[in-house]
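To start, the structure under review is shown below, and the notes come after it.
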Amino acid sequence: MWLLYNKGLVTKLFRRKWSYDSAIICSLCGMGIEDIKHLIISCEVSKEVCYSFGNLVGFSTNFRSIEEMWSNFRIQRKQFGGTPRGKILMVLPHALCWSVWRERNDCVFRGTKVYVQNIALRVLSLHCHWCKGLLQMTTEVIEVH
């Protein structure tokens, strides 16, 4: 996630700057130039995954930039605070981005076919795992005090 925040994900466009690869079309949708913004914000596959989870927790996922995405998630998270919905919003953007990136890597390096359902299952799995960790940390802090 640090690389995403700092615009350092090694996308096809990023690799082209190093002259490693001339193909720069998105590995997920096959339509746009694969840079960070496209992969996370503009890619039709990513948009479909984000839209389904946005509907699930009740907020818009029509972002113009990664910064806008993080900002919207932060605002929503503050609005719901320590409620279960707030905890979901704390973890969800990270699970979405990480899952899209992992699916992209599987497609590029393993030659797997892209299915939105696989990405959604990966998001759910990560989300449950990470939220479980959050709940355990919260419980441990409460027990200490």
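Residue numbers (the UniProt record's numbering): 1 to 145. Cβ coordinates follow ideal geometry from the N, Cα and C atoms, glycine included. Remember, it's a predicted structure, so these values are computed and weren't measured experimentally.
| Check | Outcome |
| --- | --- |
| Of the residues CYS131, VAL108, GLY32, GLU44, the one placed nearest ARG85, counting alpha carbons only | CYS131 |
| Boundaries of the alpha helix (DSSP H) in which MET90 is found, first to last residue | 84-105 |
| Whole-Å CB distance - SER46 paired with GLY32, under 8 Å assumed | About 10 Å; that fails the 8 Å criterion. |
| Same chain, Cβ closer than 6 Å to MET90, neighbours up to 5 away in sequence not counted | ARG77 |
| CB contact below 9 Å: GLU48 versus chain B | Among the chains of the structure shown, chain B does not appear; only one protein chain is present. |
| Same chain only: Cβ atoms within 7 Å of LEU126, ignoring 5 sequence neighbours per side | ALA95, TRP98, SER99 |
| Where ILE24 falls: helix, strand or coil (DSSP) | coil |
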